[in-house]
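K.L.:
Letter 281 of the sequence shown, counting from 1, is numbered 281 in the numbering used here, and no numbers are missing.
Backbone N, C-alpha and C define an ideal beta-carbon position, used for all residues, glycine too.
Have a look at the structure that comes next, please.
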Amino acid sequence: MKILFISRGTPSSRDPQWGSFELDQAKALRNYGHDVVLLSVDRRFRRYYRKHGITMKVIDGIYCYNSFYLSAAVTNIISPKLTDFIRNKQIERLFNKVIKKFGFPDIVYGHYLPNSCLAVYLKNKYGIPAVGIEHWSKMGQKDLTPLVYNQAKQTYPCLDALVSVSTDLKRMIKQNLGIESYVVNNMLGDGFDYVDNMHKGIINFVSTGNLLPIKGFDVLIEAFSLLSRPKDSWHLNIIGSGKEKENLQKQIEDCDLQNNIKLLGRLQKSDVISNLQASDVFIVSSHTETFGVAALEALACGLPVISTECGGPRDFITKENGKFCKVNDPQSLSDAIDDMFEHIDDYDRKAISEDVHSRFSGKAISQQLTSIFESVVNKH
């Protein structure tokens, strides 16, 4: 089957997470036997230079085409309708360029609501079936903004199938919009493997994510400040960058935990993997997560996970591989951390890794997606 991905973009040294989920899934579907091409329309506002027009690169055998002209932040000043018009013309130009080389796709597959909009545009113009998959954290919130609500109401019903990456996200989309969706979890990327590296005395905790309020890192720091354990018995690394960095660093220093808690900034994937494999426990402190790929990656490395009851992780965290605590509750999180000191040796790290690799491998997720794609194409 010929599958045309519409993604946010592709990872780079400057932004290693941008489009990483989409690219990993594209590779998995290609390995499963599909022909895959990836398109992206870059609408971001960035202070660094990006080449205008259409660019192409091949990443691990995947042809990736990108279009950049103007940031949506600029065109929205004039008119949001102008932004939509330019965006649609960009995806149309990309599409016409790609079909000259690869022919018409069997299906258009958009990741995240804004790109599902583009999938619907191509469906309406060229009669190609369209599937959308939703990861967007904004769709997991109780109260959608009017802009997001209207965009979803106009887009989702026009898709031939909508996929949610977790049971909780499926529930929220149904609750907010009255629209049903399939559930196919995010897949595990390459390289997140178990290494036999048991802790020796000190317990090394790790957490990853953008340094934003929704990730609850302030709650995590406060939870450790409430811990009665000796300071020489634990260490925490927080991997990620974002606007809360200065506030979090000040909080760490105010709690006199600067020798225990380190903000490592944004790291390349290989360095993230190395940090996970050198750690003992992973922590999710988020207020909400549509799925929680970072926690899944930690499990794949054999780490038990402490997570807030933030939605998506319910699909894969069990008593065999971790524990839950309350959202936005420093004492509840601190109690869970303290309990981990007593029970860390109860977890079978190798079994945790093997289970996650079995259920969330590229092959397993590709099988589920292929079933949906085939059903859509056969009905079209």
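Beta-carbon within less than 8 Å of ILE221's beta-carbon, same chain only, minus the 5 sequence neighbours each way: which residues are those?
P.N.:
On the sequence shown, residue 221 is found 221 positions in, with the first residue counted as 1. Only LEU248, GLN251, ILE252, CYS255, LEU257 and ILE261 meet the Cβ criterion.
K.L.:
Which class does GLU404 belong to by DSSP, given the choice of helix, strand or coil?
P.N.:
In the structure displayed, the chain extends from 1 to 380; residue 404 sits before or after that span and is not available.
K.L.:
If you measure between the beta carbons of PHE291 and ASN186, is that distance less than 8 Å?
P.N.:
Counting from 1 along the sequence shown, the entry for residue 291 is found at position 291. Counting from 1 along the sequence shown, the entry for residue 186 is found at position 186. It is a contact, given that the beta carbons lie within the stated cut-off.
K.L.:
Among LYS123, GLY322 and ASN237, which has the Cα closest to the Cα of SER279?
P.N.:
The residue you call residue 279 lines up with position 279 of the sequence shown. Of the listed residues, the one whose Cα sits closest to SER279 is ASN237.
K.L.:
Any idea if VAL284 is buried or exposed, counting beta-carbon neighbours within 10 angstroms, 16 or more meaning buried?
P.N.:
For this step, residue 284 is matched to residue 284 along the sequence shown. The residue in question, VAL284, is buried, as its Cβ has 16 or more Cβ neighbours within 10 Å.
K.L.:
Report the rounded CA-to-CA distance for CYS64 versus HIS357, giving the unit in angstroms.
P.N.:
The residue you call residue 64 lines up with position 64 of the sequence shown. The residue you call residue 357 lines up with position 357 of the sequence shown. Approximately 27 Å, taken between the alpha carbons.
K.L.:
For SER366, which residues from the same chain have a beta carbon less than 7 Å from its beta carbon, with the 5 sequence-adjacent residues on both sides left out?
P.N.:
Walking along the sequence shown from the start, residue 366 turns up at place 366. Around SER366: ALA28, LEU29 and TYR32.
K.L.:
Report, in whole angstroms, the separation of the C-beta atoms of PHE192 and GLU289, which I expect to be a contact under 8 Å.
P.N.:
As a working note, residue 192 is residue 192 in the sequence shown. As a working note, residue 289 is residue 289 in the sequence shown. At roughly 18 Å, the Cβ-Cβ gap does not stay under 8 Å, so PHE192 and GLU289 are not in contact.
K.L.:
Starting from PHE324, trace the beta strand (DSSP E) in both directions and tell me its first and last residue.
P.N.:
Stepping through the sequence shown from its first residue, residue 324 is reached at position 324. Unbroken beta strand (DSSP E) run through PHE324: 322 to 325.
K.L.:
Could you give the distance in angstroms between the alpha-carbon of LYS81 and the alpha-carbon of ASP196?
P.N.:
As a working mapping, residue 81 is identified with position 81 in the sequence shown. As a working mapping, residue 196 is identified with position 196 in the sequence shown. Taking the straight line from one Cα to the other gives about 55 Å.
K.L.:
Report the start-end ranges of each beta strand (DSSP E) in the region 32 to 94 that is 3 residues or longer and not cut off at the edges.
P.N.:
Listed in chain order, the complete beta strand (DSSP E) runs (minimum 3 residues) inside the region 32 to 94 are 35 to 41, 53 to 59 and 62 to 68.
K.L.:
Should SER286 be counted as a contact of the ligand SAH given a C-beta to heavy atom distance under 7 Å?
P.N.:
No copy of the ligand SAH occurs in the structure displayed, which carries no ligand at all.
K.L.:
Per DSSP, HIS111 forms a beta bridge with which residues?
P.N.:
Here the question's residue 111 lines up with position 111 in the sequence shown. Its beta-bridge partners are ILE133.
K.L.:
Excluding the 5 residues preceding and the 5 following ARG229 in the sequence, name in chain order all residues of the same chain whose CB lies nearer than 8 Å to its CB.
P.N.:
Position 229 of the sequence shown, counting from 1, holds the residue named residue 229. Result list for ARG229: ASP338 and PHE341, in chain order.
K.L.:
For the region 182 to 262, which segments carrying the alpha helix (DSSP H) assignment without a break, of at least 4 residues, lie completely within its bounds, in sequence order?
P.N.:
List check, alpha helix (DSSP H) in window: 217 to 225 and 245 to 254.
K.L.:
Please return the same chain residues whose Cβ sits closer than 7 Å to the Cβ of GLN90, not counting the five positions on each side in sequence.
P.N.:
The sequence position of residue 90 within the sequence shown is 90, counting from 1. Taken in chain order, the residues that qualify are VAL41, SER67 and TYR69.
K.L.:
How would you call VAL272, buried or exposed, if buried means at least 16 neighbouring beta carbons within 10 angstroms?
P.N.:
As a working mapping, residue 272 is identified with position 272 in the sequence shown. So VAL272 ends up on the buried side.
K.L.:
Let me know the secondary structure DSSP gives LEU162 once reduced to three states.
P.N.:
Locating residue 162 in the sequence shown gives position 162, where the first residue counts as 1. Correct three-state label for LEU162: strand.
K.L.:
Per the DSSP calculation, VAL305 is bridged to which residue(s)?
P.N.:
Counting from 1 along the sequence shown, the entry for residue 305 is found at position 305. BP columns for VAL305 point to PHE282 and GLY322.
K.L.:
In terms of residues, what are the limits of the alpha helix (DSSP H) holding LEU267?
P.N.:
Here residue 267 refers to the residue found at position 267 when the sequence shown is read from its first residue. No alpha helix (DSSP H) holds LEU267; DSSP gives it neither H nor E.
K.L.:
Straight-line CA distance for PRO304 to GLY110?
P.N.:
Indexing the sequence shown from 1 puts residue 304 at position 304. Indexing the sequence shown from 1 puts residue 110 at position 110. About 33 Å.
K.L.:
Which residue wins for smallest C-alpha separation from LEU39, given the options LYS97, ASP15 and ASP329?
P.N.:
Within the sequence shown, numbered from 1, the residue matching residue 39 stands at position 39. Measuring from the Cα of LEU39, the nearest candidate turns out to be LYS97.
K.L.:
From which residue to which residue does the beta strand (DSSP E) around LEU4 run?
P.N.:
Residue mapping note: residue 4 aligns to position 4 of the sequence shown, counting from 1. Taken as a continuous stretch (DSSP letters only), the beta strand (DSSP E) holding LEU4 covers 2 to 7.
K.L.:
Within 10 Å of its beta-carbon, does PHE316 have 16 or more other beta-carbons around it, so buried, or fewer, so exposed?
P.N.:
Here residue 316 refers to the residue found at position 316 of the sequence shown. Its Cβ being crowded by 16 or more others within 10 Å, PHE316 is buried.
K.L.:
Report the CB separation of THR208 from VAL183 in whole angstroms; it is logged as a contact under 8 Å.
P.N.:
Against the sequence shown, residue 208 aligns to sequence position 208. Against the sequence shown, residue 183 aligns to sequence position 183. No, THR208 and VAL183 are not in contact; Cβ-Cβ is about 24 Å, not under 8 Å.
K.L.:
Since LEU276 contacts GLY240 with CB under 8 Å, what's their CB separation in whole angstroms?
P.N.:
The residue given as residue 276 occupies position 276 in the sequence shown. The residue given as residue 240 occupies position 240 in the sequence shown. Rounded, the Cβ-Cβ distance is 13 Å, inconsistent with contact.
K.L.:
Using a 10 Å radius around the Cβ and a threshold of 16 neighbouring Cβ atoms, would you call LYS231 buried or exposed?
P.N.:
Residue 231 sits at position 231 when you count from the first residue of the sequence shown. That one is exposed.
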